[in-house]
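Engineer: With the sequence shown counted from 1, adding 12 to any position gets you the numbering used here.
By construction, the Cβ of each residue, glycine as well, lies at the ideal position given by its N, Cα and C atoms.
What you are looking at is a predicted structure, and each value in this text was computed from that prediction instead of being measured.
I'd like to ask you about the structure that follows.
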Amino acid sequence: MELRIFTEPQQGATYDDLLAVARCAEDAGYGAFFRSDHYLKMGAVSGDPGPTDAWTTLAGLARDTRRIRLGTLMTAATFRLPGPLAITVAQVDQMSGGRVELGIGTGWYAEEHTAYGIPFPSLGERFDRLEEQLAVVTGLWATPPGGTFDFAGKYYPVSDSPALPKPVQDPRPPILLGGMGPKRTPRLAARYADEFNLPFASVEDSAAQFDRVRAACAETGRDPGELCWSNALVLCCGRDDAEVARRAATIGREPDELRENGLAGTPAEVVDKIGRYAEIGSERLYLQVLDLADLDHLELVAAEVKPQL
C-alpha cells in the first residue's frame, strides 16, 4: 500500500503553501503530491487568496521538488482543449524528469464554470468530450517521432499534427480515471486508464465499482492486473483522541463522522482502516489533507502509520 498526499487548494492556498506541503511529503517519503483542479472554493471557507491553476502549480513543483511524483485528482476535461493539455502535461513531465501523472474526469462543479465563463454541457456530452480528449491525448503521445496524428472527432478533430512535444515517460505518463459511474466510467477505464481511483467511497462501494471495472476489462480483453487500484480519503490522524478531535475541529468536521467516512483516528485505527481497503485490492491511498499548515500531521502518519503497511 502506497500513501500519497492530496490537497484541495481552491479552499485557500498560495503556491508557497503547496510547495511547503509537497516538500514535507517528499522528505517524509510519501509516493506523490497531488492536487485538485478547481477554480472555485466549496463550503463556508473564504478560499482566500483565490484559486491557483493546477498545471501551473505542477510546473513550479516540477522544478522545486526532486523526487516526489506529481499529479491531478482530477483535471476537468471542460477546462482545457486536449491538444494543448497534451502539450502542457508533456512539458511538465520534461520539467520534472518524468514524474507527472494525469488524472482527468468530466468535470462536475457547475458553479465554477459559470464563475469563470467556462462552458458546462450536459453530463452525456461531457462524457463524450472526455472520451475524445483521452483519444487525442494518448494518440498524440503515442505517435512515433517524425509522424503525424489525425483524429476525426466530433468535438476535437485533429489533422496533420506533429504530435509534439513528447513526455519523458515511456510509453506515457500514467493516466488516472475514476468515479462511481456504473457504465461509461468502467468502459473508459478499461480502455484508457493506468490507474482507477475512487474518491471518498466506502469499502463496500469501492469493491462494487472495482468489480464493474474488472468486468469491463474482461469485455475488452484487457488484464485488470494492468491497472493500479486506489482510493482517496480525508485524513484526520492524531496520537490520541484529543489530537484527533483538535484536527477534526480545524477542518470543520466531527471525529465520529470522519472515522466512519474518512481515514481518521489514532495511528492504530488508521492502519486498521487501510487494511480493509487493501483487502478489496486497493493499492494506493490518496490522503486528503485539508489543513495545509499542519505539517506535523503528515510527519505523524509517515512515522507511525506508513511503516506498518
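(1) Following the continuous alpha helix (DSSP H) through Tyr-289, name the residue where it begins and the one where it ends.
(2) Give the straight-line distance between the Cα atoms of Ala-227 and Glu-255, rounded to the nearest whole angstrom.
(3) Taking its Cβ as the centre, do 16 or more other Cβ atoms sit within 10 Å of Ala-56, making it buried, or is it exposed?
(4) Can you tell me where the beta strand (DSSP E) holding Gln-300 begins and where it ends?
(5) Would you mind sorting Asp-217 into buried or exposed? The rule is 16 or more other CB atoms within 10 Å of its CB.
(6) Thinking C-alpha only, which one of Ala-213, Pro-185 and Leu-97 is nearest Asp-105?
(7) Ignore the nearest five residues each way along the sequence and tell me which others in Val-317's own chain have a CB closer than 8 Å to its CB.
(8) Using only alpha-carbon positions, find the residue among Thr-84, Val-149, Ser-58 and Ala-290 that is nearest to Gly-19.
(9) Which residue wins for smallest C-alpha separation from Leu-245, given the options Arg-265, Asn-273, Leu-239 and Asp-39?
(10) How far does the alpha helix (DSSP H) with Glu-20 in it extend, from its first residue to its last?
(11) Under 9 Å, do Leu-307 and Ala-32 count as touching if we go by C-beta distance?
(12) Going by the CB atoms, is the gap between Tyr-167 and Val-215 shorter than 9 Å?
(13) Within the chosen definition, does the stretch 233 to 240 reach the stretch 174 to 182 through at least 3 CB pairs nearer than 8 Å?
(14) Bridge partners for Trp-241 per DSSP, in chain order?
(15) If I measure Cβ to Cβ from Pro-174 and keep anything under 7 Å in the same chain, skipping five residues before and after, which residues do I get?
(16) Tell me where the beta strand (DSSP E) around Glu-9 begins and ends.
(17) Rounded to whole angstroms, what's the CA-CA distance from Ala-88 to Ser-48? Just pull it up for me.
(18) Let me make sure I understand the geometry here. Which of Gly-59, Trp-67, Leu-82 and Tyr-27 has the alpha-carbon closest to that of Glu-38?
(19) Ala-373: buried (16+ other C-beta within 10 angstroms of its C-beta) or exposed?
(20) Report buried or exposed for Pro-63, applying the criterion of at least 16 other Cβ atoms within 10 angstroms of its Cβ.
(21) Express the C-alpha separation of Ala-314 and Pro-202 in angstroms, rounding to a whole number.
(22) Can you list, in chain order, the residues of its chain with a C-beta nearer than 6 Å to that of Leu-304? Leave out the 5 residues immediately preceding and following it.
(23) Can you tell me whether DSSP reads Ile-116 as helix, strand or coil?
(24) Can you say whether Ser-58 is buried or exposed, counting buried as having 16 or more other CB atoms within 10 angstroms of its CB?
(25) In its own chain, which residues sit with a C-beta less than 7 Å from the C-beta of Ile-130, not counting the 5 before and 5 after it?
(26) Tell me Thr-197's beta-bridge partners as DSSP assigns them.
(27) Which same chain residues, not among the five before or five after Tyr-51, have their C-beta less than 6 Å away from its C-beta?
Structural biologist: Reading from the atomic positions:
(1) 279 to 291
(2) 42 Å
(3) exposed
(4) 296 to 301
(5) exposed
(6) Pro-185
(7) Leu-15, Cys-249, Pro-279, Val-282, Val-283 and Ile-286
(8) Rather than Gly, the amino acid found at residue 19 in this sequence is Thr. For the residues Thr-84, Val-149, Ser-58 and Ala-290, the minimum Cα distance to Thr-19 belongs to Thr-84.
(9) Asn-273
(10) That residue, Glu-20, is in no alpha helix (DSSP H); it is neither H nor E in DSSP.
(11) yes
(12) no
(13) no
(14) Phe-208
(15) Thr-160
(16) Because residue 9 is not part of the residues shown, which for the chain are 13 to 321, the question remains open.
(17) 9 Å
(18) Leu-82
(19) Nothing can be reported for residue 373: it is not among the residues displayed for the chain, which extend from 13 to 321.
(20) buried
(21) Per the sequence shown, the amino acid found at residue 202 is Ala instead of Pro. So the alpha carbons of these two residues sit roughly 33 Å apart.
(22) Ala-25, Asp-29 and Val-33
(23) strand
(24) exposed
(25) Thr-90 and Phe-91
(26) DSSP lists no partner for Thr-197.
(27) Pro-63, Glu-124 and Tyr-128
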